[in-house]
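Peer 1: The structure follows.
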Amino acid sequence: MHGVDATEVFERVSHPTRVEILDALASAQRDAPADPWLAYTELREAVGIRDNGNLNYHLDQLGDLVVKEDAGYRLSRVGMGLVGTASSGVLDTDWTWGPVDVPGECRQCGDPLQLRYEDGVLWLTCDTDGHEHGLWVPPSLLEAHPEDTLVERIAFLENRWGELTRRGICSECQGNVDGELTRLEDGGHHFLGHCDRCGSQHGLPVGLFLVGHPDVQRFYYEHDVDVRSTPYWTLDFCRPGAETVVSTDPLRVRVDVTHDGDTLSLTLDRAGDVVATDRS
Ligand SMILES: [Zn+2]
Ligand SMILES: [Zn+2]
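Heads up, the sequence shown stops at 280 in our numbering, and the numbers go up one at a time, no gaps.
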């Protein structure tokens, strides 16, 4: 496995001057993506350091977060990834946003739903404690995208989480996710996956796990609906508990996707593989 030494990365950026260097290089990248290079003197000026030895020392400490060539300095891909993560706002737990009204109603009480970003999480909530769900959406998406596209893009990201998990890819670190259909305390089932690499647990309603399946996409496509960007919380088959246990040994779980009087039934085995489909 590729070693992830997070400590080393944090140490590299644990000095305000090094953060300023990354910041200056990130600005240059934003201002002129085709020519992001900063000459040594430009960089020194941007960071406000007089002493070359001092600047050299910090550049040295940044290691391969920065690329040096004749034209000067720029962020490496790794450096861009780091700056991208920091600037997505996910590290800022004080940032708040919303509430914004969204389609659909609370599965528990039927009240209208809103989105609200708080404590580092985008909450889908009816405003009653215990009814909220956390979505994996960073502040950058909420800040950077036109308001009339937000719900569709948030839905796309959430639905893609289902698709990635079904394909064994961790949405957090792209590591390998292993998992299976697991029984919940209330008797329902969900897909529970685990990433060895970053330790993320991915627990999804069976419907959300299936939303990117080609048969589900085709079914909706035939009804002129792009299910990839349809909020999963408005889709009945994505409701927790919408699945039916057909047999327990071996485990077979069926999900019925319905639209305009048509039904597509998918049966899954314990591993989450679709073992049968049926149109009626
Ligand atoms: Zn509610
Ligand atoms: Zn992971």
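Think of the CB as a built atom: it goes at the ideal place given N, C-alpha and C, for glycine as much as any other residue.
(1) Using the three-state DSSP reduction, which class does Ser-87 fall into: helix, strand or coil?
(2) CA-CA distance, Gln-29 and Pro-36?
(3) Please name the residue, chosen from Ile-154, Arg-218, Val-66, that lies closest to Val-83 on a Cα-to-Cα basis.
(4) Please state whether DSSP places Ala-24 in a helix, a strand or coil.
(5) From Ala-6 to Asp-60, what does the alpha carbon distance come to, in whole angstroms?
(6) On the DSSP bridge list, what partners appear for Val-245?
(7) What is the DSSP secondary structure of Thr-230, counted as helix, strand or coil?
(8) Could you tell me the alpha carbon to alpha carbon distance between Asp-256 and Phe-237, rounded to whole angstroms?
(9) By Cβ distance below 6 Å, which residues in the same chain neighbour Val-225 in space, the five residues on each side in sequence not counted?
(10) Assuming Gly-162 contacts Phe-209 under a Cβ cut-off of 8 Å, what Cβ separation, rounded to an integer in Å, is found between them?
(11) Look up Phe-191 in the DSSP assignment and give the residues it is bridged to.
(12) Report all residues from its chain with a CB closer than 6 Å to the CB of Gly-193; omit the five preceding and five following residues, and keep chain order.
(13) Where does Tyr-221 land, buried or exposed, given buried means 16+ other C-beta within 10 angstroms?
(14) In the DSSP output, which residue or residues are listed as bridge partners for Ser-140?
(15) Compare the beta carbon distance of Arg-77 and Leu-38 with 9 Å and say whether it is the shorter of the two.
(16) Using CA coordinates, which residue listed in His-259, Thr-182, Thr-85, Asp-111 is at the minimum distance from Val-137?
(17) Please determine, among Thr-182, Glu-185, Leu-142, Leu-135, the residue with the shortest C-alpha to C-alpha distance to Ser-171.
Peer 2: In this structure, then:
(1) helix
(2) 4 Å
(3) Val-66
(4) helix
(5) 18 Å
(6) Val-253
(7) coil
(8) 6 Å
(9) none
(10) 5 Å
(11) Leu-181, Leu-204
(12) Thr-165, Val-177, Gly-179, His-202
(13) exposed
(14) In DSSP, Ser-140 forms no bridge with anything.
(15) no
(16) Thr-85
(17) Leu-135
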